[in-house]
Amino acid sequence: MNKIILFSAFCFLCSIVSAQNKTNNTIRVGTGVIIRDNADASKYRTGPAIEAEYQYSSSKYIGFTAGAGMMNIHYGTNNDYYETFATFGVMVTPVPDKFRWIRIGVGLSIKYFTDSSGYWQEYYLPDGLSNMYKIHYRFSRSIGGLDFVGRLYFLDTQKYELFASYRLKTSLDHGLEMDNALLCLCFGVKF
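Residue numbers (my numbering): 204 to 394.
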């Protein structure tokens, strides 16, 4: 009877140790740049961005993610673009045993953005004098979309990861339209 109890206790302790070695959860933080085309599509604008993400891996092939981020662009003297977003998605490692350094994903995203611009306007008075005043436009809105994610891993150990992430953000305004892109260098901790 003592042998059975000792064997059961040994099996129980081994299962606890193996459960502690398995890392299903990952928290990631990244910083990078947002790339956004201008409203008139004349040129691209860039600015700083940060993002954070939590992932639960159900297997070595698939993980479920929830994340958030902020980014802004200041261009010209009176033009600003701010965005905050939240995303829920899936990350897939197509061949995890032989080539785990590339991962792809897709997710649903909701964002809140503010696009503001301003310019000086000259106003002519009836007496021949003129006056300058500044006109500001501010447009704020929430909109949903899809995020398509690609990652290239430089470091992927049992506890840590380091990778470059490209997130193509789309909006579902008048169909599926490309909105902006987020390029980040991210660091993750597994637990």
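All C-beta atoms, glycine included, are put in the ideal place defined by N, C-alpha and C. Remember, it's a predicted structure, so these values are computed and weren't measured experimentally.
- Item | Contacting residues, own chain, Cβ-Cβ under 7 angstroms from Asp376 (five flanking each side not counted) | Cβ contact annotation for Asp376 (same chain, cutoff 7 angstroms, sequence separation greater than five): Ile346, in chain order.
- Message: Using only the alpha-carbon positions, how far apart do Lys372 and Asp283 sit?
- Response: In a straight line, the C-alpha of Lys372 is about 19 angstroms away from that of Asp283.
- Message: For Asp350 and Val309, which I take to be in contact (beta-carbon distance under 8 angstroms), what is that distance rounded to the nearest angstrom?
- Response: That belief holds up - the Cβ atoms of Asp350 and Val309 are roughly 7 angstroms apart, short of 8 angstroms.
- Extent of the continuous beta strand (DSSP E) to which Val232 belongs: Per DSSP, Val232 belongs to the beta strand (DSSP E) from Asn228 to Asp240.
- Query: So, are the CB atoms of Ala367 and Leu385 less than 7 angstroms apart?
  - Reply: Cβ atoms of Ala367 and Leu385: not closer than 7 angstroms.
- Item | Chain-order list of residues whose beta-carbon lies under 6 angstroms from that of Gly391 (same chain, five-residue window excluded) | Within the same chain, Thr229, Arg231 and Glu364 come within 6 angstroms of Gly391 by CB-CB distance, once the 5 residues on both sides are set aside.
- Item | Pairwise C-alpha distance: Asp330 and Thr287 | Each residue's Cα considered, the two are about 48 angstroms apart.
- Task: Decide if Ser343 is buried, meaning its Cβ has at least 16 other Cβ atoms within 10 Å, or exposed.
- Result: It is exposed - the Cβ of Ser343 has fewer than 16 other Cβ atoms within 10 Å.
- Query: Could you give the C-beta distance for Ala252 and Met274, rounded to a whole number, given that I count them as a contact under 8 angstroms?
  - Reply: Between Met274 and Ala252 the Cβ distance is about 4 angstroms, and since that is below 8 angstroms, they are a contact.
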